[in-house]
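Each residue of the sequence shown is one higher than the one before, counting from 11 in the working numbering.
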Amino acid sequence: MVENLTTSLPFIEGRGAIVCRGCLGENLFSALDLGSVPIANELLVLQDSQIEKFPLHLRVCTSCGLGQVADVVTPERIFRDYRYLSSMSSTFLQHAFDFVTERVNSGILELGDWVLEIASNDGYLLKNFTPHGIKAIGVEPAENVAEISRTLGIETVSEFFSSKLASDLLSTYGYPKLIIANNVMAHVPDLEDFIKGLRILTGPSTQISIENPSLANILIGMQFDTIYHEHYSYLSANAVQKICDIHGLQLFKVEELTIHGGSNRYWLQLQNGCYSTDSSVGKVIRFEVENRLFDPAEWNTYASKVSKILQEFQNWLRTGKSQGNSIYGYGAAAKASTILNSIEINPNLVISIADVSLEKQKRFMPPHGIKIISPEELFKQNPTDIIIFPWNIKREIATFLRANLGEQVRLWCAIPEMCQVEN
Ligand SMILES: [Zn+2]
């Protein structure tokens, strides 16, 4: 049963034309169909609870190059009670600290300027501006997460970012010098209104920084487990440039980052703004075209490769179980949900999944109710093999696991193919 269908948004499967939420074009091709799966971060309270499933089908717009899945589920359902805290990963904390230090050292921010972060989560990034005396305001719709940010002294608006909210912020505070939107544009079903909001808040010297895993990495790095319902859009430099152009903004620089297994940081300003266009924009766009990111035939080949990886993962689990191995998972993240729900998994193939999040512990991963336990509980078991689902921070996790379980435990990642994590 599909509930909570949104009716006012452009990209809706099964309700007439499919329209690109970036450029409103109507030519989208099928890139990867993962069937019907549960929402990634909706964990079961009881092991045998019923779970709803929704289609998960990546399409790419031939006009602008935006990858996207249908918005069958409302953001309210996904983000009002969000269980992902950025501060849980030391990798992300360091990344945020480095970003703020770079901005402050660049000399662009002056006393009296203010910085806006959209989807500011638990304040993991904005807290770094406080020692420099720069005012920072966060927008974070998940009330439970926003509250943590407020305890750090960060003014946080608990709403979804929109053109309406942008107008309110502008009339109260004026133009921010810097707008940060990390890993949020992917989560916005009404992208048009979101970008209108960015445009409203962009003054003559405002810079906008947008970080997002790139569509190129899904294709080239086989990162299909980063496709899930809450990621409505999958950005490319091509798409960002074209969509910004529609709304009077300009992409003037692209930085290629290693975080999240490969993200792009897109820098925007007003069209014909004061910052000169960097050669990185043309370079990244050429790379995307040369790697056939917008070619249906390339994605067709990709779909076959994904099927093979899923089959290998399934075979590995079954063989391991038949050999008497004790297989556990680590990291009950959305990535785990996508891959586990895309295979035919029998109950008990993965005994439990350990996760540091107290919010996730004692819940169960659908569809077969794999129990989520604390790392301490995992250390009391005798695992022979552990699959690290968040491969993007596998080194950090592997170091932690080896420190507590010793060298004999075998650590694995299933993406981009089944392989052991080296020490
Ligand atoms: Zn488009």
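We put the CB at the ideal spot given by N, CA and C, even for glycine.
Keep in mind it's a predicted model, so treat the numbers as computed, not measured.
Skipping 5 residues on each side, what residues in its chain have a beta carbon closer than 6 Å to that of N248?
Contacts found: G75, I295 and E298.
Considering only the alpha carbon of each residue, which of L162, Y244 and A41 lies closest to S273?
Taking only the C-alpha atoms, the option nearest S273 is Y244.
Which residues mark the beginning and the end of the alpha helix (DSSP H) in which G45 is found?
Element bounds for G45: not the alpha helix (DSSP H) but the beta strand (DSSP E), L38 to V47.
Does the separation of the CB atoms of P400 and A343 fall below 7 Å?
The answer is yes: Cβ separation under 7 Å.
Mind listing, in chain order, the residues whose beta carbon lies closer than 6 Å to a non-hydrogen atom of ligand 1?
Chain-ordered list of matching residues: C30, G32, C33, G35, C71, S73, C74 and L76.
May I have the straight-line CA-CA distance separating L359 from I237, to the nearest angstrom?
L359 and I237: Cα-Cα distance of roughly 23 Å.
Specify the secondary structure class of I397 as computed by DSSP and reduced to three states.
Note: I397 maps to strand in three-state DSSP.
For A408, is the classification buried or exposed, using 16 other Cβ atoms within 10 angstroms of its Cβ as the cut-off for buried?
It counts as buried.
Three-state secondary structure (DSSP) at G292?
Of the three classes helix, strand and coil, the one that applies to G292 here is helix, per DSSP.
Would you call the CB atoms of E196 and H239 closer than 7 Å?
Per the sequence shown, residue 196 should be read as Ala rather than Glu. Going by C-beta atoms, A196 is not nearer than 7 Å to H239.
Mapping the DSSP letters down to three states, classify Q391 as helix, strand or coil.
DSSP places Q391 in coil when its eight states are reduced to three.
Residues in the same chain with beta-carbon distance under 6 Å from K381, minus the five sequence neighbours each way, listed in chain order, please.
Excluding sequence neighbours, K381 sits near S362 and F374.
My assumption, with CB atoms under 8 Å, is that F102 sits in contact with Y134. Please give the rounded CB distance.
Their Cβ separation, rounded to whole angstroms, is 7 Å, which keeps F102 and Y134 in contact under 8 Å.
List the whole-angstrom C-beta distance separating S159 from E150, where the pair is believed to meet the contact cut-off of C-beta under 8 Å.
Yes, S159 and E150 are in contact; Cβ-Cβ is about 6 Å, under 8 Å.
Any idea if G207 is buried or exposed, counting beta-carbon neighbours within 10 angstroms, 16 or more meaning buried?
Answer is buried; the Cβ neighbour count reaches 16.
Strictly by DSSP, which residues pair up with T166?
Its beta-bridge partners are G148.
Give the C-beta separation of L280 and G258 to the nearest angstrom, bearing in mind that I take them to be a contact with Cβ-Cβ under 8 Å.
Right, the Cβ-Cβ distance comes to about 7 Å (below 8 Å), so this counts as a contact.
Take the Cβ of K263 as the centre, count every other Cβ of all protein chains shown within 10 Å, and call the residue buried at 16 or more, exposed below.
The residue is buried, with at least 16 neighbouring Cβ atoms inside 10 Å.
Run the CB neighbour count on P48, radius 10 Å, all protein chains shown included, and call it buried at 16 or more, exposed below.
Classification for P48: buried.
Put T17 into one of helix, strand or coil per three-state DSSP.
Reliability fails at T17, whose pLDDT of 31 lies under 50, so the model's placement of it is uncertain and the value that follows must be treated cautiously. Residue state, collapsed to three classes: coil.
Quick check: what's the CA-CA separation for F107 versus N138?
Going by the C-alpha atoms only, they are around 6 Å apart.
Could you tell me if G339 is buried or exposed, where buried requires 16 or more neighbouring beta carbons within 10 angstroms of its beta carbon?
So G339 counts as buried.
Using beta-carbon positions only, say whether T166 and Y185 come within less than 7 Å of one another.
The answer is no: Cβ separation not under 7 Å.
Please report how far the alpha carbon of E62 lies from the alpha carbon of D200, in whole angstroms.
Taking the straight line joining both Cα atoms gives about 23 Å.
Between L225 and the rest of its own chain, which residues show a CB-CB distance below 7 Å, the 5 nearest in sequence each way excluded?
So the list reads G77, Y244, L245, S246 and L303, once near-sequence residues are dropped.
Which same chain residues end up closer than 6 Å to V114 when comparing Cβ atoms and leaving out the 5 residues on each side of it in sequence?
Closer than 6 Å at Cβ, skipping near neighbours: H142.
Name the DSSP bridge partner or partners of T380?
At residue 380 the sequence reads Ile, which differs from the Thr that was named. Paired residues: M375.
May I ask you to list the residues that DSSP assigns as paired with E266?
BP columns for E266 point to N274.
Using only alpha-carbon positions, find the residue among L53, N335, G45 and S46 that is nearest to G341.
The shortest C-alpha separation from G341 is found at L53.
Output the distance between the C-alpha atoms of I319 and K187, rounded to the nearest integer angstrom.
Their backbone Cα atoms lie some 45 Å apart in a straight line.
CB-CB under 7 Å to K404, same chain, minus the five flanking residues each way: which ones, in chain order?
Result list for K404: I398, C423 and V431, in chain order.
Skipping 5 residues on each side, what residues in its chain have a beta carbon closer than 8 Å to that of V12?
The predicted model places V12 with a pLDDT of 30, which falls under 50 and marks its position as unreliable; any figure quoted below should be read in that light. Hits under 8 Å: E62, F64 and V82.
Assign K372 to one of two classes, buried (16 or more other C-beta atoms within 10 Å of its C-beta) or exposed (fewer than that).
Counting Cβ neighbours within 10 Å, K372 comes out exposed, since fewer than 16 surround it.
Got a sec, what are the start and stop residues for the alpha helix (DSSP H) N227 sits in?
L225 to I230 is the span of the alpha helix (DSSP H), which, as asked, contains N227.
Can you check which of these residues, E354, W309, G416 and L388, is closest to L42 by C-alpha distance?
The residue with the shortest Cα to Cα distance from L42 is W309.
Could you check which residue in V291, P393, F410 and K315 has the C-alpha nearest to that of I337?
Nearest of V291, P393, F410 and K315 to I337, Cα basis: P393.
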